[in-house]
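In what follows, a structure is listed as structure tokens, so that the remarks can point back to it.
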Amino acid sequence: MRKLALSDEILLQVENPARYIGGEINAVMKNPDQVKIRFAMAFPDVYEIGMSHLGMQILYHMFNQRPDVWCERVFSPWTDLNKIMRQQRIPLFALESQDPVRDFDFLGITIQYEMCYTNILQLLDLSQIPLSAADRDDTCPIVIGGGPCVYNPEPIAEFFDLFYIGEGETSYDALLNLYIQNKAEGAGRREFLQKAASIPGIYVPSLYEVRYHSDGTLAAFTPSFPGIPKKVEKQVVMELNNSAYPTKPVVPFIKATQDRVTLEIQRGCIRGCRFCQAGMIYRPTREKDVERLKEYARQMLENTGYDEISLSSLSSSDYSQLKELVNFLIDEFKSQGVNISLPSLRIDAFALDVMSKVQDIRKSSLTFAPEAGSQRLRDVINKGLTEEAILQGAKSAFQGGWNKVKLYFMLGLPTETEEDMKGIAHLAEKIAEEYYEIPKPQRNGKVQITVSTSFFVPKPFTPFQWAPMFTQEQFVKKAKVVKGEIRAQLNQRSIRYNWHEADVTILEGFLARGDRRAAQVIRCAYEKGALYDAWSETFRMDLWLEAFSQTGISLDFYTLRPRKTEELLPWDFIDAGVTKEFLIREWERAREEKVTPNCRMRCSGCGAKRYQGGVCYEGQN
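Numbering (our numbering), first residue to last: 313 to 933.
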């Protein structure tokens, strides 16, 4: 019988105690005495969100396939347990063994979004590991970060020993082998980090020096030791069919955010939206073989008992064998009551046909993401979606029996005018009109259109990485323009409007494009009590504003300032596959309101062709 890290008394005091006990179906148990590396894989958010993250599931499976490694899971304790653990000095523990994280060889942290940065410090703090990498000795685990946010690791560089840039399947084995070898030779932490820096995709912040100009911009970023690479190259798996995939994922005891089997059908996206970081950093688009996916689906449903399967990709409609896969899933599993979930679909005739087969039309709503209210602005962001296509999609959906539509837009995009903002209301009105043009006997009750706007955040490695943001007041003003225009529409009662918090957006903008100096602010805000910043009920902007004031670091410098294309950016030392020349070209095309065709229509010379596979080489075999 495993001894739990938390007493029954504590477990009965906290919300969802199942978050902390482990022992779930398919959780991997090993004898710690028979492995050479113990790896704590952490997600800096609550269990339900972390357990929905596919990347973490893949690495957990991949590491545990090695007989010499035991990988266990760690999640951020919720605020109630966080308080108890601090009061009672209980160290943070891994779920499988319930052993303290500080006794492990590695603490790997998945960094999926910027608003989890204070939670990273919570994980370190509760693990009783010094927050700064410079203060750790040979008794501490090696702290490694990975995920999309490490394409600009600089704001959190102080807290990590190393970062893994790119897809985990390529270099992790070399890193783990090096650790075992280094340990066998009796060498310490410093020697390991210096050797690790030469492994492709590994960035060791302590081995690089930063200099600044008098105006606060970056002057130089250079390796401080000989033999350390000037550029860190992202890692890409070109052969997805044979890469590690978890056919026996851990099944939570409680309902996770995505409580279903996840089938990854492809990586990357052909579309090239200029605001989208994922569309740039995950290039080139690579597909998984449909026969392999059918086999995975069978195994995963059998090994988990789930009754829903979700197809995961950035743009599912672009998967070339989607029709065959969906028809197989319907035919094979419909009799077993298995639901099929299809996120990230373009709403065209095929998609609607598929969705009518797999969804209860009366219950479900359709999601469109035009992102901008006018055609001009959609061209600026390279959305590749015309008003005609949106209205046609809505019309077909309404004729098919749907009456609920969700529309997603962004406010604060480069070159945006008041007309563009009002265009959001006008597009929602036109969609409502499409519904009411259907003869009344054929309608399915009243139409419900939900318009949601978030505020635009420029991200590294996108053509908009040089763009300025707006102040909180300006963002709120933009939302009010949209709200006012919706109220002026004939069908305003059918249209609901909600918008994202502006203060969170501003902070995200600072964390996304910050440099090493940002760590002072993050640490200061954390020490003041900032935690779970991604959660509206726990987010406190006042603590962050105090931290900016106390550290003397200007928020406006990072958010409101337009960057020149020749400026050295904090992430320029990373080779993300897309070239800076391509991003500059796309930034210029955006300002000229020119659309760039998708990768299947024409190669745009982004730089991803060097990986020698995927969409870049389709039809050339």
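Quick reminder that beta carbons are idealized off the backbone N, C-alpha and C, glycines included.
Rounded to the nearest angstrom, the Cβ distance from PHE773 to LEU723 is 22 Å, too far for a contact under 8 Å. Judged by DSSP secondary structure, TYR809 falls within the beta strand (DSSP E) whose first and last residues are 807 to 811.
Between the alpha carbons of GLN704 and TYR923 lies a distance of about 38 Å. Between the segment 856 to 867 and the segment 835 to 847, the count of Cβ pairs shorter than 8 Å is three or higher; the stretches touch. Under the DSSP assignment, ARG350 falls in the beta strand (DSSP E) whose first and last residues are 349 to 355. Rounded to the nearest whole angstrom, the C-alpha separation of SER388 and ASN431 is 7 Å. Here ILE337 carries a strand assignment [DSSP, helix/strand/coil]. Just measuring C-alpha positions, the residue of ARG448, GLU898, TYR359 sitting nearest ARG583 is GLU898. Note that the C-beta distance between PHE355 and CYS383 is not below 8 Å. The residues GLU905, LYS906, VAL907, in chain order, have a CB closer than 8 Å to that of ASP691 in the same chain once the five nearest residues on each side in sequence are set aside.
A Cβ-Cβ separation of about 7 Å places LEU474 in contact with ILE454 under the 8 Å criterion. Membership of ARG385 in any alpha helix (DSSP H) is not indicated; the residue belongs instead to the beta strand (DSSP E) covering 381 to 387.
For ARG501, the uninterrupted alpha helix (DSSP H) segment begins and ends at 501 to 508.
DSSP places ALA446 in no alpha helix (DSSP H); its state is neither H nor E.
At the C-beta level, LEU316 and GLN400 stay beyond 8 Å of one another. As the crow flies, the alpha-carbon of LYS342 is around 15 Å from that of ASP417. A residue is called buried when at least 16 other Cβ atoms come within 10 angstroms of its Cβ; GLY864 does not meet this threshold and is exposed. The segment 537 to 609 contains, as complete beta strand (DSSP E) runs of 3+ residues, the segments 573 to 576 (chain order). When the beta-carbon positions are compared, SER656 and SER677 stay at least 8 Å from each other. Taking TYR520 as the centre and dropping the five residues before and after it, the same chain places the C-beta of PHE533, THR534, PRO535, SER536, ILE540, PHE885 closer than 8 Å to its C-beta, in chain order.
The distance from the Cβ of MET733 to that of LEU872 is about 19 Å, inconsistent with a contact at the 8 Å cut-off.
Here DSSP, grouped into helix, strand and coil, assigns GLU360 to helix.
As the crow flies, the alpha-carbon of LYS606 is around 7 Å from that of LEU637.
The three-state reading of DSSP puts MET612 in helix, counting H, G and I together. Taking a C-beta distance under 8 Å as the contact criterion, ARG912 and VAL927 qualify as a contact pair.
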